[in-house]
Amino acid sequence: MKKKGVYLFSAAVLLSSCGLGGKDLANITNADGAIGSIINAATDTETITNIIYNVIGASKITEEELLGTWRYESPGCAFTSSKLLAQAGGEVAAKSIENELEKTFSKVGINSYNTSFSFRKDKSFSAKIAGLPLEGTYTYNPEDGSIVFNSMLFSAKGYVVRNAQGISLVFDSKKLLDVLQIISLKSGNSAISSLGDLGKYISSVRMGFDLMR
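Read left to right, the sequence shown gives residues -22 to -1, 1 to 191 (mature numbering (1 follows the signal peptide of the UniProt record, and there is no 0)).
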């Protein structure tokens, strides 16, 4: 029990340093009692932190924090509520989703060398996805983390979610598939028809990219 207390205290310190206060931490970990059992089963600070971060809106990101260039690190996902995260199985479910996305991203050709997003104060953005350059504008709402992209190739609504290493940029599964199909077609990489075996998670999760500075 003492060890668990240390993990929870450490996670709280980490989250507070990133703008998630004690009240917010309590709200997330106690929401409907749903996520508490997952946290109690966790065995280290990193897992606890990742569980809490895997919920859209858990830790708000200001537009100032969003500005700059973010580079792709790995597939990412976030659940639409702590209750749905708990029902899906927490960090285990997140890892399963990310593993499936990794297969799809590899087909498209997405890696840390050719995928990045840059946000500017004038509401313009530039990006590369699998090496394909994109330019356009964005609208960001820090209250719910929603972000809308407008470019010549596509328009898409997503969410920005803080994670332990940086941010996750996630989308509705259908919209993410649409974007990846466009990228695949334009870049000449393998055609894709689905995001993998993710059917049971589709309604409760948003999927996309984990990004770092």
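Beta carbons: idealized from backbone N, C-alpha and C, even for Gly. All of these numbers come straight from a predicted model, not from anything done at the bench.
Requested in this report: Give the straight-line distance between the Cα atoms of residue 107 and residue 187, rounded to the nearest whole angstrom.
Outcome: For the purposes of this step, residue 107 is taken as the residue at position 129 of the sequence shown. For the purposes of this step, residue 187 is taken as the residue at position 209 of the sequence shown. Separation of residue 107 and residue 187 (C-alpha to C-alpha, rounded to the nearest whole angstrom) is 10 Å.
Query raised in the report: With a CB to CB cut of under 8 Å and the five nearest residues on each side skipped, what residues in its chain are close to residue 111?
Result: Reading the sequence shown from its first residue, position 133 is the one you call residue 111. Contacts found: 104, 105.
Query raised in the report: Three-state secondary structure (DSSP) at residue 10?
Result: Mapped onto the sequence shown, residue 10 falls at position 32. For residue 10, the pLDDT reaches just 44, beneath the cut-off of 50, and the residue's location in the model is therefore unreliable, although a value from the coordinates is still provided. Residue 10 sits in a helix when the DSSP states are folded into three classes.
Query raised in the report: Anyone know if the C-beta pair for residue 78 and residue 166 falls short of 7 Å?
Result: Your numbering for residue 78 matches position 100 in the sequence shown. Your numbering for residue 166 matches position 188 in the sequence shown. Contact check for residue 78 against residue 166 fails: the beta carbons are separated by 7 Å or more.
Query raised in the report: Comparing alpha-carbon positions, which option in 100, 55, 149 lies nearest residue 41?
Result: The count along the sequence shown starts at 1 and reaches residue 41 at position 63. Of the candidates 100, 55, 149, the one whose C-alpha sits nearest the C-alpha of residue 41 is 100.
Query raised in the report: Buried or exposed: residue 130, going by 16 or more other Cβ atoms within 10 Å of its Cβ?
Result: As a working mapping, residue 130 is identified with position 152 in the sequence shown. Within a 10 Å sphere around the beta-carbon of residue 130 sit fewer than 16 other beta-carbons, which makes this residue exposed.
**Report entry** residue 132 versus residue 98: straight-line alpha-carbon distance, rounded
**Finding:** As a first step, residue 132 must be located in the sequence shown, where it is residue number 154. As a first step, residue 98 must be located in the sequence shown, where it is residue number 120. C-alpha separation (whole angstroms): 19 Å.
Query raised in the report: For residue 158 versus residue 48, is the C-beta spacing smaller than 7 Å?
Result: Along the sequence shown, read from residue 1 onward, the residue named residue 158 stands at position 180. Along the sequence shown, read from residue 1 onward, the residue named residue 48 stands at position 70. Not closer than 7 Å, so no.
Query raised in the report: Pick from 91, 148, 81, 127: whose alpha carbon is nearest that of residue 51?
Result: To locate residue 51, count along the sequence shown from 1; it is residue 73. Minimum Cα distance to residue 51 is reached at 91.
Requested in this report: Determine the direct distance from the alpha carbon of residue 146 to that of residue 124, and round the result to whole angstroms.
Outcome: Translated into positions along the sequence shown, residue 124 becomes position 146. Translated into positions along the sequence shown, residue 146 becomes position 168. Spanning the two alpha carbons is a distance of roughly 12 Å.
Query raised in the report: Across which residues does DSSP place residue 188 in a beta bridge pair?
Result: The sequence position of residue 188 within the sequence shown is 210, counting from 1. According to DSSP, which records beta bridges pairwise, residue 188 is partnered with 52, 146.
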